[in-house]
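I have placed the structure first, in the form of structure tokens, so that the comments after it can refer back to it.
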Amino acid sequence: MKEEISVYRQILNDINRPENEDTIVLIGQLIAPHSNNIAKHFYRTLLGNNHASSFLNHDAVKYRLTGSMTRWVDGLFSYRPMESDIDDYINAQLKVGHIHARIELPVCLVNYGMTLIKNKLMSHLIDSSLDRNQLANVMVIVNNLVDCSLAIINESYKDDLVDNENQNQAFRLHASAHNLAFECERLRTSLSEWMREIMIMVQDQGANITNVPTIRHSSFGLWIVHKANLYLHGRSELGILNQLLDDIDEALQDLEGEENEAVVESIVKSLNNLITNTIWLLGNLAKEMIEENSGKDTLTHLLNRHYLDTVLRQETDFSLHKGMVYGLIYVDIDHFKQINDDYGHDNGDRVLVQIAEILTNNIRTGDFVFRLGGEEFLVVLGDIDEVIIGRVAEKIRASVAGFAFKIDKNRKLNVTISLGTAFHDGHPDYTRTMKQADDALYKAKANGRNQVVNADQPIETYRGIKEKMK
């Protein structure tokens, strides 16, 4: 953020030139009588906004925030001829941004609030006795000051959010997938024991059960409330687990005090289904997290999509800044569905494993092979030229076509693949290169399969990147 702040410091230095001193002082004099009303209007409007009001309360606005906002508005229009004055002002705006990030105030509300302030400032200036030329000059300075302040606040806000996300990511990395799997297993056991307690209570008390142990105070409930969001942030399973927690609580409320034995039996059956679904979800979640966080496809032991973006960002950076152009080869097994249908999914898996071995054996140790899912693979070749990429792709195709794939009962099978290639053409968005290779693969399949199709890219593009880096 150091470079960005130096830009804003230069903007503030330009605004606080000696020739602007009288104008800035005049603005301060014109706005000072209205600054408190501007602050009140600001908070009154935000309190009336459903989204914004959740971050505010009336007492805080009345006794603290209105005064702080009044001082902030007054502070906007102080002449600052000294570098130390400008540094103090920048630090004050950075502090505001830190607070916004700490409470996770959405940036859209920050921008909305600043628009409210700017509109009020302009309204009061228009109502003043300034002539046309003075008003135009004053409005330019006010606009620049407000925009610069907002930019510094948002810069600080963004920087803190990145730090927060890095800390969250570090926590999720620290809480490894294997640890999560262990915790999920403990939770599954805890849920089973909790349900057993309910069953014992039903057997002992029959109808009219009281003092039902709440799920929210069980190990499972506490884990969902306090830990699940840190482990599972952004995953759909988090919402499902929270809904299951609510459904279990609702069933418990129905159970407590119920006198009809048939109704009690129905509720217990519903509870048992909810617990069974939760236990299944926890087990499935643990399995998925281990697979995803390993970065490896569990069947072929190739890389999975988890690190694809990381690798392509790196290779794109090398291509753009070091002239080390990379190439992509999309690989798709021909008629793979037919293989599964005719020989079974177990034999389909055997084919996938052997394809992965062929791909690995036909690339350099510095290259990458990903299984993208199903029967589709992606090879990333670093520092190549247009001749090498085509040669490697054809070598892979021929190796597969000439290989006798071993399936069950000592049977052997002939398999072919289609391939599409593209090299990085200098565009900063690597998904463009991915699409070019994918389109080439589509042509290979449309043209009859068992062939290599190179993306339609002018060779001058590749040579231009290499020449630029010389």
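Start counting the sequence shown at 1; every next residue gets the next number (the working numbering). Glycine residues also receive a C-beta, built at the ideal position from the N, C-alpha and C atoms.
I need the straight-line Cα distance from residue i to residue j, nearest angstrom please.
{"i": "F403", "j": "Q436", "result": "28 Å"}
{"i": "R350", "j": "K337", "result": "14 Å"}
{"i": "L252", "j": "E237", "result": "22 Å"}
{"i": "L173", "j": "L180", "result": "At L173 the pLDDT is 48, less than 50, meaning the model places this residue with poor confidence and gives no usable figure here."}
{"i": "K32", "j": "V61", "result": "Here residue 32 turns out to be Ala, not Lys, going by the sequence shown. In a straight line, the C-alpha of A32 is about 20 Å away from that of V61."}
{"i": "P81", "j": "H41", "result": "31 Å"}
{"i": "Y112", "j": "S53", "result": "13 Å"}
{"i": "A170", "j": "W72", "result": "In this prediction, A170 has a pLDDT of 48, which is less than 50 and means its spatial position is unreliable; what the coordinates show is noted afterwards. Approximately 36 Å between the Cα atoms of the pair."}
{"i": "E155", "j": "G97", "result": "7 Å"}
{"i": "K443", "j": "S218", "result": "57 Å"}
{"i": "K158", "j": "A101", "result": "8 Å"}
{"i": "I27", "j": "Y8", "result": "21 Å"}
{"i": "G221", "j": "L245", "result": "7 Å"}
{"i": "D127", "j": "N16", "result": "25 Å"}
{"i": "R216", "j": "E197", "result": "15 Å"}
{"i": "N242", "j": "F182", "result": "20 Å"}
{"i": "D74", "j": "E288", "result": "55 Å"}
{"i": "S68", "j": "N50", "result": "22 Å"}
{"i": "V415", "j": "E376", "result": "14 Å"}
{"i": "N133", "j": "E21", "result": "17 Å"}
{"i": "W223", "j": "M434", "result": "40 Å"}
{"i": "T189", "j": "D247", "result": "19 Å"}
{"i": "A286", "j": "V225", "result": "18 Å"}
{"i": "F318", "j": "L328", "result": "15 Å"}
{"i": "V110", "j": "L130", "result": "30 Å"}
{"i": "T115", "j": "H321", "result": "40 Å"}
{"i": "S35", "j": "T70", "result": "5 Å"}
{"i": "L65", "j": "L47", "result": "12 Å"}
{"i": "L105", "j": "A39", "result": "18 Å"}
{"i": "Q93", "j": "A228", "result": "34 Å"}
{"i": "R432", "j": "Y343", "result": "37 Å"}
{"i": "I99", "j": "I153", "result": "10 Å"}
{"i": "E83", "j": "E3", "result": "17 Å"}
{"i": "H124", "j": "I103", "result": "32 Å"}
Are residue i and residue j touching if we call contact CB-CB under 8 Å?
{"i": "T421", "j": "A398", "result": "no"}
{"i": "V380", "j": "F368", "result": "yes"}
{"i": "I355", "j": "I333", "result": "yes"}
{"i": "Y330", "j": "L187", "result": "no"}
{"i": "N13", "j": "I86", "result": "yes"}
{"i": "I275", "j": "M195", "result": "yes"}
{"i": "I279", "j": "L191", "result": "yes"}
{"i": "H424", "j": "T316", "result": "yes"}
{"i": "V146", "j": "T23", "result": "no"}
{"i": "I417", "j": "N347", "result": "no"}
{"i": "V453", "j": "I384", "result": "no"}
{"i": "L359", "j": "I389", "result": "no"}
{"i": "I11", "j": "I90", "result": "no"}
{"i": "L372", "j": "R305", "result": "yes"}
{"i": "L281", "j": "I339", "result": "no"}
{"i": "V264", "j": "L271", "result": "no"}
Using the three-state DSSP reduction, which class does residue i fall into: helix, strand or coil?
{"i": "R371", "result": "strand"}
{"i": "L116", "result": "helix"}
{"i": "Y43", "result": "helix"}
{"i": "A422", "result": "strand"}
{"i": "Y343", "result": "helix"}
{"i": "A170", "result": "With a pLDDT of 48 at A170, under the threshold of 50, the modelled position of that residue is not reliable, and no figure is offered here."}
{"i": "N454", "result": "strand"}
{"i": "I363", "result": "coil"}
{"i": "N16", "result": "coil"}
{"i": "I11", "result": "helix"}
Locate the beta strand (DSSP E) running through residue i, then write down its first and last residues.
{"i": "K406", "result": "A404 to K406"}
{"i": "N499", "result": "With the chain covering only 1 through 470, there is no way to say anything about residue 499."}
{"i": "L378", "result": "E376 to L381"}
{"i": "N50", "result": "No beta strand (DSSP E) holds N50; the alpha helix (DSSP H) holding it covers N50 to S53."}
Go to residue i, then tell me how far its alpha helix (DSSP H) extends in each direction, as first and last residue.
{"i": "V392", "result": "E386 to A401"}
{"i": "Y89", "result": "E83 to R102"}
{"i": "G67", "result": "T66 to L76"}
{"i": "A440", "result": "Y430 to A446"}
{"i": "D247", "result": "S236 to L255"}
{"i": "T23", "result": "E21 to I31"}
{"i": "K62", "result": "From DSSP, K62 is part of no alpha helix (DSSP H); its letter is neither H nor E."}
{"i": "D127", "result": "No alpha helix (DSSP H) contains D127, which DSSP labels as neither H nor E."}
{"i": "L222", "result": "S219 to H226"}
Consider the Cβ of residue i: report whether some Cβ of chain B lies at a distance smaller than 8 Å.
{"i": "E155", "result": "Of the protein chains in the structure, only one exists, and it is not chain B."}
Original post:
For the stretch 262-349, which segments carrying the alpha helix (DSSP H) assignment without a break, of at least 4 residues, lie completely within its bounds, in sequence order?
Top reply: The stretch 262-349 contains these whole alpha helix (DSSP H) runs: 308-322 and 336-343.
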